[in-house]
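First up is the structure itself, then whatever we jot down about it.
2 protein chains.
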Amino acid sequence: MRELTIAGLARAGGVGVETVRYYQRRGLLETPERLGSMGHGSGVRRYGEQDVRRLRFIRSAQAAGFTLEQIAELIALDAIDDRTRARELARERIAALDAKIAEMKAARDALSRLARACDDVSGGPCPIVTAFEPQ
Amino acid sequence: MRELTIAGLARAGGVGVETVRYYQRRGLLETPERLGSMGHGSGVRRYGEQDVRRLRFIRSAQAAGFTLEQIAELIALDAIDDRTRARELARERIAALDAKIAEMKAARDALSRLARACDDVSGGPCPIVTAFEPQ
DNA sequence: CTTGACTCCGTACCATGGTACAGACCTTAT
DNA sequence: ATAAGGTCTGTACCATGGTACGGAGTCAAG
């Protein structure tokens, strides 16, 4: 364990090296000590399975719509085992997702109807554009 | 017609004055001539129903997930009556919305299961946090 | 023991969609 | 005629989530 360089970690997580460093700056990933032959402050940082899991956690949570700030909070909650707050965050996110999903569905259906109308209608203005204009 | 000041237009569209100016800079809204008692370049700009419709169009299209750049394109297409391209944009957007909706639904369901699991499970680590970590 | 690839670090820059001034000007009511 | 409040213009700044780059250090192979 702890054999990966930063490029290896990035590859394992499907992100770029600069993104890993960015997450470190944001406090989402740890920055291990540089270890090398010449003691203090020399050498290269190495990463292990834990870091890969953490990085993948970040990407999954991000896919679920959490912001990096919320993800940092989830990580902190994990450390102190605060289930109540974690549940709270999860429920907030579910509500936000539900709202957004409904909105996107409505938009999708409206657009779908419009594209069909645009196929059918032969004269006059394009329904796709006019439809967004109230009346 | 054409009796609104910029603040009236902004109010009618449910946005701030600075947002209207921003849309003007982006070419999404027109910037009418300043008209006043002292000729050239004096006076205040006035807006009418057309502008309100345009502003609402922008907000609706935005709600459907179009970027401001795409909205600018839709507006331009309307002007030259290019239905083919408008349909193309609509279909692209529908596909993107479908993908995003599916992704968000999956995330929503996963989170929902997790919140329930977090209620049930009494000992051990919080499932909400561990679940995102692949094994 | 040099060469080439990679790392480290700081800082700067990017896109997107705004928001916030400052300072001058204009309009409207009193 | 003057004061209050809205407008105009330019420029600067904001959050979010990265991406790029320069210059120095380090590591591994030949």
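The listed protein sequences correspond, in order, to chains R and D. Just so you know, we're using numbering that gives the first Met the number 0 here: the first sequence kicks off at 0 and counts up by one. Just so you know, we're using numbering that gives the first Met the number 0 here: the second sequence kicks off at 0 and counts up by one. Glycine included, every Cβ here is placed at the ideal spot set by N, Cα and C.
Any idea what DSSP makes of residue i, helix, strand or coil?
i: R1/R; result: coil
i: V43/D; result: strand
i: R84/D; result: helix
i: R25/R; result: coil
i: Q134/D; result: Note that Q134/D scores a pLDDT of 44, beneath 50, so its modelled location is shaky; the value from the coordinates is reported in the next line. The answer is coil: DSSP assigns Q134/D none of H, G, I, E or B.
Between the options, which has its C-alpha nearest residue i's C-alpha?
i: A60/R; options: A85/R, Y46/R, R24/R, K99/R; result: A85/R
i: T4/D; options: R44/D, G15/D, G35/D; result: R44/D
i: E68/D; options: R24/D, E2/D, E17/D, R1/D; result: R24/D
i: R82/D; options: I79/R, C117/R, S41/R; result: C117/R
i: R33/R; options: A11/R, I79/R, E2/R, A78/R; result: E2/R
i: R107/R; options: R115/D, E91/D, R107/D; result: E91/D
i: R115/D; options: I93/R, E72/R, R115/R; result: I93/R
Indicate whether residue i and residue j have their beta-carbon atoms separated by less than 8 Å.
i: G64/D; j: L110/D; result: no
i: K104/D; j: I70/R; result: no
i: A89/D; j: E102/R; result: no
i: I57/R; j: Y22/R; result: yes
i: G35/R; j: G26/R; result: no
For a contact meaning CB atoms closer than 8 Å, what does residue i contact in chain D?
i: I100/R; result: I100, M103, K104, R107
i: R86/R; result: A114, C117, D118, I127
i: R90/R; result: A114
i: A62/R; result: E102, A106
Keeping to the same chain, check which residues put their C-beta closer than 8 Å to that of residue i; ignore five residues upstream and five downstream.
i: L8/D; result: V19, Y46, D50, V51, L54
i: G15/R; result: A9
Residues of chain R with CB closer than 9 Å to the CB of residue i, please, in chain order.
i: A71/D; result: Simply none; closest approach about 12 Å.
Starting from residue i, find everything on chain D with Cβ-Cβ shorter than 7 Å and list it in chain order.
i: D97/R; result: R107
i: R25/R; result: Within 7 Å Cβ-Cβ: nothing; R25/R doesn't reach chain D, min ~17 Å.
In chain order, what residues of the same chain have a beta carbon less than 6 Å from the beta carbon of residue i, not counting five sequence neighbours either side?
i: P31/R; result: R44
i: L76/D; result: R84, A85
i: A6/R; result: V16
i: T66/D; result: none
i: A137/D; result: Here chain D covers residues 0 to 134 and nothing more, so residue 137/D does not appear.
By Cβ distance, which residues of its chain are closer than 7 Å to residue i, with the 5 residues on each side in sequence left out?
i: E87/D; result: none
i: G12/D; result: V51, L54, R55, R58
i: L28/R; result: V19, Y22, D50, R53, L54
i: Q134/R; result: For Q134/R, the pLDDT reaches just 45, beneath the cut-off of 50, and the residue's location in the model is therefore unreliable, although a value from the coordinates is still provided. There are no such residues.
Which chain R residues are close to residue i, counting only those with a beta carbon under 7 Å from its beta carbon?
i: S111/D; result: I93
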